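Protein chains: 2
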Amino acid sequence: MHSDRLLLGPGPSNPYPEAIEALSRPVLGHLDPEFLALVAETAHRLRTVFGTRNRLTLPVSGTGSAGMEACLASLLEPGELAIVGVNGYFGERLCEVARRVGAHVQPVPAPWGQTLDPQALLDAQRQTPQARLVAVVHAETSTGVRNEIAPLRALQDTDTLLLLDTVTSLGGIPVEVDTWGVDACYSATQKCLGAPSGIAPVTLSDRAVARIRDRHAPVCSFYQDLSLLDAYYQGDPPRYHHTASSTLISSVHAGLGRLLQEGLPAVWERHARVGEQLQAALPEHGFVLFAEPGHRLPQLTAARLPEGVGDTAARKALREDFGIEVGSGLGPLAGTGWRIGLMGHNAHPRPLTTFLAALPAILT
Amino acid sequence: MHSDRLLLGPGPSNPYPEAIEALSRPVLGHLDPEFLALVAETAHRLRTVFGTRNRLTLPVSGTGSAGMEACLASLLEPGELAIVGVNGYFGERLCEVARRVGAHVQPVPAPWGQTLDPQALLDAQRQTPQARLVAVVHAETSTGVRNEIAPLRALQDTDTLLLLDTVTSLGGIPVEVDTWGVDACYSATQKCLGAPSGIAPVTLSDRAVARIRDRHAPVCSFYQDLSLLDAYYQGDPPRYHHTASSTLISSVHAGLGRLLQEGLPAVWERHARVGEQLQAALPEHGFVLFAEPGHRLPQLTAARLPEGVGDTAARKALREDFGIEVGSGLGPLAGTGWRIGLMGHNAHPRPLTTFLAALPAILT
Chain A
14 MHSDRLLLGP GPSNPYPEAI EALSRPVLGH LDPEFLALVA ETAHRLRTVF GTRNRLTLPV
74 SGTGSAGMEA CLASLLEPGE LAIVGVNGYF GERLCEVARR VGAHVQPVPA PWGQTLDPQA
134 LLDAQRQTPQ ARLVAVVHAE TSTGVRNEIA PLRALQDTDT LLLLDTVTSL GGIPVEVDTW
194 GVDACYSATQ KCLGAPSGIA PVTLSDRAVA RIRDRHAPVC SFYQDLSLLD AYYQGDPPRY
254 HHTASSTLIS SVHAGLGRLL QEGLPAVWER HARVGEQLQA ALPEHGFVLF AEPGHRLPQL
314 TAARLPEGVG DTAARKALRE DFGIEVGSGL GPLAGTGWRI GLMGHNAHPR PLTTFLAALP
374 AILT
Chain B
14 MHSDRLLLGP GPSNPYPEAI EALSRPVLGH LDPEFLALVA ETAHRLRTVF GTRNRLTLPV
74 SGTGSAGMEA CLASLLEPGE LAIVGVNGYF GERLCEVARR VGAHVQPVPA PWGQTLDPQA
134 LLDAQRQTPQ ARLVAVVHAE TSTGVRNEIA PLRALQDTDT LLLLDTVTSL GGIPVEVDTW
194 GVDACYSATQ KCLGAPSGIA PVTLSDRAVA RIRDRHAPVC SFYQDLSLLD AYYQGDPPRY
254 HHTASSTLIS SVHAGLGRLL QEGLPAVWER HARVGEQLQA ALPEHGFVLF AEPGHRLPQL
314 TAARLPEGVG DTAARKALRE DFGIEVGSGL GPLAGTGWRI GLMGHNAHPR PLTTFLAALP
374 AILT
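Line by line, the protein sequences are chains A and B. For the first sequence, our numbering assigns the number 14 to the initial residue and increments by one for each residue that follows. For the second sequence, our numbering assigns the number 14 to the initial residue and increments by one for each residue that follows.
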């Protein structure tokens, strides 16, 4: 028994059929020339969706959280300072992971549901120019807020790197790594990229690569040391590091192929359209949208439940009666709100229509 | 284009058909009750193959190397001492990973190709009883040597934990976590368990769990902190940690189901039989077996190439003319030897016969 869910939570979403098909391809060895060519082509596709020409662009063998940790562990040394924008759960997680790898953290907060002030982040950097990086979440999965990244390009004129979390944004809304001056960026495959979870795409600018090369202490994680992953995937000869999964990489490769065949602008456009429709419809059912107007993500909507509706019972009914998953709330929305995703293959009218049609029955 | 290899290297091996089929099942959310039930059933199956009743038994979302790091990072604090048996590449990796998480390492070496002396490990512990753990590789994938673990049960009478790497042994030869007094054990899915790579099964004894609970410093890796993974998979309510892949867990679950349906003794027996046949045949083709007689793994054989045969060209011909992958040599066998695996679904007469039939054509 294995249910067939419509996955409308904060991710995973239902993968593209091409991504599912690719999972059953024959397994390739982790040093097979065909596998390394597949990784190279996947990296090429990732550069397009990231909006970058970065040489070091690769799939980390883990989920988005592994991508976050790979970047922080590789770029920070014990005792160094990181400035972190915090307006939701994943900003807090950036702080926690940075502290665990031995860094000092200067949080720059904003209330949950509101956007970060880019100037406050730039001011923090000006006050502590020894900060080694500024880390920001582009699309806060806990609140549905889109943070503005372009003004942070000013960090390019300093010695402070810009690290960007695009776990929920990549493939759903425009991400422009090179234009925005992003030095390190990670994402995940199970949201707007339309593949299963298990891979974290990562890209680093040349100055981020130099930062790792010039480290004094080794990266505390062997598994997530991006310089070792670079030597594995792009070394000549490739240097064995771990047994990467051709199964997952094939799937991501196929999902990206589908996405790029449709074209990024068209994909962004349908995410925007269904998200707008969902956000127009929810208040009619008594929901209260959580994120600040003007900064709402189309692909992930956080909303307070209508008065009198119990979170657990309603999600259970939606799951058991209709086979639809939505996400529970986090932080101020825990127990009182939902997170609804229309991502990747689910950013189409049918999933939206299905969800809205099921709502009345479970809100009674 | 995607080739269909016979994978006879050190892993990945070709998964069981059931494990491939399970990959295309509908994706489940990472907090879906059905997914958590699947994880629980997978953990139950893992307990059987590990030979343990340990409550904390779970799939880490990464490859075997992530399992190694999860154990070392979770069990060691900065400045603590680890004793590591080193008679091959993966013993060396244990040292490197332990040092990166801040531990001091006391290696107890033996020459590559020979077995570790359990008494030397016990003596090292007696001389430095403050050592927090003794780490040993059960099946050294670089040399084909089986290390003897049962005598290390004596560590149960000390405050030093026993950490065992069963990446290449689990499912191929007997592993008896409880009988041998193993406190922490990790493995990988792409070898004798007959699934794709990407998951690291881990099990911890109660005293290893207590060790993590009583830590002073947080684990340097958030992603690989076994106490957080425990709270996710077995917490009540489950505590979100990362977006685990139902795709990979379904596959491992199915591979384990196939293995246990056949039964561990029968699976061990066919690994033993085909390995013995391979090791009897290789010298007839001019190979020289590398591992010490009496301590050879049936599932992974390291051997020097016949005089005059070039490693790279011969492996290329085997791959391109016959679609068969074998592994290159490591350490003293680099450039001069091969590692040949007959693991999981490939521990059957047909892969062995195919390999031996192809050999003459590529050794000329």
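Glycine included, C-beta positions come from ideal geometry on N, C-alpha and C. Just so we're clear, the structure is a prediction, and the values are computed from it rather than from any experiment.
For the alpha helix (DSSP H) assignment, the uninterrupted runs of no fewer than 4 residues enclosed by the stretch 39-108 of chain A are, from N- to C-terminal side, 46-63, 77-88. Shown in chain order are the members of the stretch 249-264 of chain A whose Cβ falls below 9 Å from a Cβ of chain B: Tyr253, His254, His255, Thr256, Ala257, Ser258, Ser259, Thr260, Leu261, Ser263, Ser264. A distance of 8 Å or more separates the beta carbons of Ser74 of chain B and Ser218 of chain B. At least 8 Å separates the beta-carbon of Tyr102 of chain B from that of His358 of chain B. Between the beta-carbon of Leu355 of chain A and that of Leu21 of chain A there is about 7 Å, and that keeps the pair under the 8 Å contact cut. Bridge partners of Arg159 of chain A according to DSSP: A:Ala152.
Taking a beta-carbon distance threshold of 8 Å, Tyr199 of chain B does not count as an interface residue toward chain A. Nearest CB-CB separation between His15 of chain A and chain B: below the 8 Å threshold. For the stretch 233-247 of chain A, the beta-carbon criterion of a distance under 7 Å to any beta-carbon of chain B is satisfied by Cys233, Ser234, Phe235, Tyr236. With its beta carbon at least 8 Å from every one in chain B, Ile337 of chain A lies outside the interface. For the C-beta of Arg38 of chain A, the chain B residues within less than 8 Å are, from N- to C-terminus, His15. Taken through DSSP and simplified to helix, strand or coil, Gly268 of chain A comes out as helix.
Separation of Thr202 of chain B and Ala50 of chain B (C-alpha to C-alpha, rounded to the nearest whole angstrom) is 19 Å. Contact between the stretch 305-323 of chain A and the stretch 238-257 of chain A is not established, with fewer than three Cβ pairs separated by less than 8 Å. Per DSSP, Pro362 of chain B lies in no beta strand (DSSP E) segment; the continuous alpha helix (DSSP H) that holds it begins and ends at 362-376. Beta-carbon to beta-carbon, Val114 of chain A and Leu94 of chain A are separated by about 13 Å, too far to satisfy the 8 Å threshold. Here the alpha carbon of Pro91 of chain B sits roughly 5 Å from the alpha carbon of Ala116 of chain B. Within the stretch 181-264 of chain A, the runs of alpha helix (DSSP H) that reach at least 4 residues and sit entirely inside it are, in chain order, 219-226, 239-247. For Glu338 of chain A, the pairing in a beta bridge is given by DSSP as A:Leu20. Distance from the Cα of Gln143 of chain B is smallest, within the candidate group B:Val149, B:Leu174, B:Val180, B:Ser155, for B:Leu174.
Counting the other CB atoms within 10 Å of its CB gives His15 of chain B a total below 16, which places it among the exposed residues. If you look at Val280 of chain B, you'll find it in the alpha helix (DSSP H) that goes 277-294. Under the DSSP definition of a beta bridge, Leu313 of chain B partners with B:Gly354. For Asp136 of chain A, the uninterrupted alpha helix (DSSP H) segment begins and ends at 131-140. The Cβ atoms of Ala79 of chain A and Tyr236 of chain B lie closer than 8 Å to each other. For Pro25 of chain B, the secondary structure class from DSSP, reduced to helix, strand or coil, is coil. Out of B:Thr171, B:Phe63, B:Thr377, B:Arg363, the CA that lies nearest to the CA of Pro187 of chain B is found in B:Phe63. Where Pro345 of chain A is concerned, there is no enclosing beta strand (DSSP E), because DSSP gives it neither an H nor an E.
Relative to Gln290 of chain A, the option among A:His255, A:Ala279, A:Ile353 whose CA is nearest is A:Ile353.
Residue pairing by DSSP puts Pro122 of chain A in a beta bridge opposite A:Val99. The contact set of Gln203 of chain A on chain B, defined by CB atoms closer than 7 Å, consists of Thr256 in chain order. Residue pairing for Val301 of chain A: DSSP places it in a beta bridge opposite A:Arg317. Excluding its 5 nearest sequence neighbours in each direction, Thr65 of chain B has C-beta neighbours in its own chain below 6 Å: Val190, Asp191, Thr216, listed in chain order. With contacts defined as CB atoms closer than 8 Å, Thr181 of chain A and Gly24 of chain A qualify as a contacting pair.
If you draw a straight line from the Cα of Leu376 of chain A to the Cα of Leu318 of chain A, it comes to about 9 Å.
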